[in-house]
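Residue 34 in numbering that gives the first Met the number 0 is what sits at position 35 of the sequence shown, and the numbering runs on without skipping anything.
What follows is one structure encoded as structure tokens, with my remarks underneath.
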Amino acid sequence: MGMVFLDGNEATALAAVRAGCRFFAGYPITPATPIYHHLLKMLPQKGASVSKGRMKLLPSDFVSEHPWLA
0 MGMVFLDGNE
10 ATALAAVRAG
20 CRFFAGYPIT
30 PATPIYHHLL
40 KMLPQKGASV
50 SKGRMKLLPS
60 DFVSEHPWLA
């Protein structure tokens, strides 16, 4: 395998996936938007979930949408 060049956002997303991240909840707003978009592409390929949050979303809303987190 040759060298791979990643920016910080790509590296963060890839590290999360390789560390076993199974769920990511985010809101696409700067500065987190690139990480959200990278995870949106990568996690479903690994059978994991990505959830786009709503403004002022309560943590309990994520648990009700993803009961296996509780």
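Beta carbons: idealized from backbone N, C-alpha and C, even for Gly.
For clarity, every value in this text was computed on a predicted model and none was experimentally measured.
query	result
Below 6 angstroms CB to CB, which residues in the same chain sit around R21 once its five sequence neighbours on both sides are set aside?	A47
Could you give the first and the last residue of the continuous beta strand (DSSP E) run that contains K40?	Per DSSP, K40 belongs to no beta strand (DSSP E); it is in the alpha helix (DSSP H), 32-41.
Whose CA, out of V16, V3, S50, L42, lies closest to the CA of P27?	S50
Is it the case that the Cβ atoms of Y35 and G19 are separated by a distance below 7 angstroms?	no
Assign W5 to one of two classes, buried (16 or more other C-beta atoms within 10 Å of its C-beta) or exposed (fewer than that).	Note on residue identity: the sequence assigns Leu, not Trp, to residue 5. Under this definition L5 is an exposed residue.
Please report the Cβ distance between L38 and A12, rounded to the nearest whole angstrom; I am assuming they are in contact, meaning their Cβ atoms lie under 8 angstroms.	5 angstroms
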